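Down below is the structure, laid out as structure tokens.
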Amino acid sequence: RFRITPPPGFASTQARNIPRIQPQASQSEQTTTMRMHFAVLAALLAAPALASYEQICNFEPETDVGERSEIDLDVKEMVAAGNTYDFAEMYRAYALGGNSQKGNGYRTIKGFSVTNPENKLNIWPEYDNMVSFWTGFYNQNSPLYSYANHITGSACQGIDEYATAGDATRAQMCKKGAIFLNIYAYIGYELSDMIRDCNNGNPNDNDGGAQALDEAVAFTAGSSEGPECTGTGYLFSALMDKRGQQFGTMVQGSTQQSQANADVFALFKEARAVIQSSSRTCALLEPIREKIMNKLKIPLVQGLLRYAFRADPAGNAYGGEKALAEGWAFTSAILPQINACDSGLAADLIANFRWNTPTPMRDGYKDIVKKMQGVYQCLGVTCSEIGSYLDATGTKPVEGMEACQDPSTGGSSSSNDNNQQVSSGAIAGIVIAVIVVALLIAAGVYYLGKKQGKYDAFMEEEAKSNKADSSVAAGGMNQQV
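Going by my numbering, the sequence shown opens with residue -8, and the numbers climb by one from there.
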């Protein structure tokens, strides 16, 4: 799970602390210095080497989160059991786990929602809104802190709201709810814990010494993606890549990685740089957290749009109960945020998508797409990030599902549009170029100033030699300068 490497900066950092033998030193001084060398070397050899852990989607964690990343194997088992509607096995994998070891037991997806005696998830700013919405939705008398388990667990077991639901509906809400509701909220918690630990001065103040940032990475990608992010996993990284192919929002020139996935891991690396910096400006982590959580909404919005089309009886790709259930799963994931942006749209989505609605997709997919595009900015996503839902050829948008235009750019969305935006690296290059040019101009001005000064001195001497009007010559030259 890990490899042993020398401590980073060993040669430069440690060597600076080793006293040098001065040529003029006496024999006894040289002997003492040599002893110090051997003592330092012995201490270094006795100290444990720093461990370098296996990368997750090209991100190298500072701590061992291998077991945590294996939570995706529980989802894998849920998916396999769901294919045959084996709900007992689905719930076992969800509630008991068996892959992500934690102490003498196992970390569980259910535990992300219910093992919460101190309501610790509320350090994630969006959590209170999620709790408030679902508490009202289910007419609860007390806050529904475990809303994720209330939805996912009920679907897995076929109880409460899902007591009369069909098998396809239960299977979709059980396996998708585990990711979109339980794990999504826990990623938000881990990123918020990262900020809290940074503010407290100890980024490693976490369960088992693992950095909260590393845990957020592990729960975003899982173990099946591997070091290269292959798109073969079961969590958000795989979801972003899958939707990216369907909406034309892949990294330019790539058939494997979506722009959303690439952006999320670039932001993870930005957060790590802040944590590792000597200044450790923790306030910089808050906007990074918000950007990451907004990027994770991209495949959720894309999924909602895709299944609006597939669940529409008037469409040419009608998927029946299964498609409607998938649409409700994606809708449920971001329904509280949509409600905060536009409560009327939230009500429309419930009327169109809820698994037991008497009028599935009553407004038609085109209407849903248009209304959703109106809240992109409020949700923290853009037209270019969502893209257009492509037809079976993967070359042109489905009618009525074309991308909207971002107000800031006026351009429609596509994978190319997304990649034509100026990257942060390009901006940095432009800034550096401007600084270099400014320095060259300053140097030129300084050089010319020195030349002009020498010229003035020369002219002053010439003026002095001309006894007739030396003062006039000097004053005239100063006016020219």
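All C-beta atoms in this analysis are idealised placements derived from N, C-alpha and C, irrespective of residue type, glycine included.
Just so it is clear, the structure is predicted and the values come from calculations on it, not from any experiment.
Beta-carbon contacts of residue i that lie in its chain and below 6 Å, excluding the five residues immediately before and after
{"i": "W125", "result": "L135, Y138"}
{"i": "D55", "result": "Y44"}
{"i": "Q364", "result": "C395"}
{"i": "F256", "result": "C48, F50"}
{"i": "D397", "result": "T373, C374, S375"}
{"i": "A84", "result": "D65, E68, M69"}
{"i": "G102", "result": "none"}
Supposed contact pair residue j and residue i - C-beta distance, whole angstroms, cut 8 Å
{"i": "I100", "j": "E216", "result": "Going by Cβ atoms, the distance from I100 to E216 rounds to 17 Å, so no, they are not a contact pair."}
{"i": "G88", "j": "D65", "result": "5 Å"}
{"i": "V208", "j": "P351", "result": "Not really, about 38 Å apart at Cβ, beyond 8 Å."}
{"i": "A251", "j": "E376", "result": "7 Å"}
{"i": "G391", "j": "K357", "result": "4 Å"}
{"i": "L296", "j": "Y380", "result": "6 Å"}
{"i": "T240", "j": "S249", "result": "6 Å"}
{"i": "D196", "j": "D188", "result": "5 Å"}
{"i": "A72", "j": "E80", "result": "4 Å"}
{"i": "I329", "j": "V389", "result": "22 Å between Cβ atoms; not a contact."}
{"i": "N173", "j": "S104", "result": "5 Å"}
Alpha-carbon to alpha-carbon, residue j and residue i
{"i": "C332", "j": "G222", "result": "32 Å"}
{"i": "Y118", "j": "V242", "result": "31 Å"}
{"i": "G179", "j": "K387", "result": "35 Å"}
{"i": "P194", "j": "G311", "result": "48 Å"}
{"i": "G224", "j": "M231", "result": "11 Å"}
{"i": "L340", "j": "V122", "result": "19 Å"}
{"i": "V265", "j": "Y76", "result": "46 Å"}
{"i": "L41", "j": "Q202", "result": "Residue confidence for L41 is low, a pLDDT of 46 falling below 50, so the modelled location carries little weight and cannot support an answer."}
{"i": "A337", "j": "A324", "result": "12 Å"}
{"i": "A342", "j": "T348", "result": "6 Å"}
{"i": "S414", "j": "S269", "result": "With a pLDDT of only 42 at S414, under the threshold of 50, the placement of this residue in the model should not be trusted; the figure read from the coordinates follows. One C-alpha to the other measures close to 26 Å."}
{"i": "R234", "j": "G96", "result": "34 Å"}
{"i": "N130", "j": "I283", "result": "31 Å"}
{"i": "C147", "j": "L326", "result": "20 Å"}
{"i": "S245", "j": "N132", "result": "50 Å"}
{"i": "T143", "j": "T272", "result": "38 Å"}
{"i": "G213", "j": "N307", "result": "35 Å"}
{"i": "N120", "j": "F128", "result": "12 Å"}
{"i": "A314", "j": "F171", "result": "16 Å"}
{"i": "G192", "j": "L258", "result": "21 Å"}
{"i": "D158", "j": "Y82", "result": "14 Å"}
{"i": "G385", "j": "E393", "result": "13 Å"}
{"i": "D476", "j": "G57", "result": "This structure does not reach residue 476, given that the chain is present from -8 up to 472, and the question cannot be answered."}
{"i": "Q163", "j": "A169", "result": "10 Å"}
{"i": "L182", "j": "T211", "result": "11 Å"}
Residue interval of the alpha helix (DSSP H) (run including residue i)
{"i": "L340", "result": "334 to 344"}
{"i": "M284", "result": "276 to 301"}
{"i": "E181", "result": "175 to 190"}
{"i": "L87", "result": "Where L87 is concerned, there is no enclosing alpha helix (DSSP H), given that its DSSP letter is neither H nor E."}
{"i": "C273", "result": "Element bounds for C273: n/a, residue is neither H nor E."}
{"i": "V372", "result": "Run containing V372: none; DSSP gives neither H nor E here."}
{"i": "V360", "result": "356 to 364"}
{"i": "I170", "result": "Neither: I170 is in no alpha helix (DSSP H) and is coded neither H nor E."}
{"i": "L204", "result": "203 to 212"}
{"i": "W115", "result": "Unbroken run through W115: none, as it is neither H nor E."}
{"i": "S104", "result": "102 to 105"}
Residue i (DSSP reduced to helix, strand or coil)
{"i": "G96", "result": "strand"}
{"i": "S268", "result": "coil"}
{"i": "I62", "result": "helix"}
{"i": "P388", "result": "strand"}
{"i": "I47", "result": "strand"}
{"i": "V425", "result": "At V425 the pLDDT is 45, less than 50, meaning the model places this residue with poor confidence; the figure from the coordinates comes in the next sentence. The answer is helix: DSSP assigns V425 an H, G or I state."}
{"i": "M241", "result": "strand"}
{"i": "L315", "result": "helix"}
{"i": "L230", "result": "helix"}
{"i": "L135", "result": "coil"}
{"i": "Q148", "result": "helix"}
{"i": "S249", "result": "strand"}
Test: residue i CB closer than 8 Å to a CB of chain B
{"i": "D254", "result": "Looking for chain B here will not work: only one protein chain is present."}
Neighbourhood of residue i by C-beta, 7 Å cutoff - its chain only, sequence neighbours within 5 removed
{"i": "V372", "result": "N285, K288, I289, V292"}
{"i": "A299", "result": "G318, M352, Y356, I359, V360"}
{"i": "E152", "result": "S145"}
{"i": "Y175", "result": "L287, A324"}
{"i": "V70", "result": "K166, Y225"}
{"i": "D254", "result": "K286"}
Proximity test, residue i beta-carbon vs the ligand FAD heavy atom, cut-off 7 Å
{"i": "S249", "result": "Among the components of this structure there are no ligands whatsoever, and the ligand FAD is therefore not found."}
Same chain only: Cβ atoms within 8 Å of residue i, ignoring 5 sequence neighbours per side
{"i": "G149", "result": "F78, A156, R161"}
{"i": "M185", "result": "P194, Q202, A203, L204, A207, A262, I266, L276, R280"}
{"i": "L112", "result": "Y118, Y136, A176, Y177, G179, Y180"}
{"i": "N190", "result": "C273"}
{"i": "K260", "result": "F50"}
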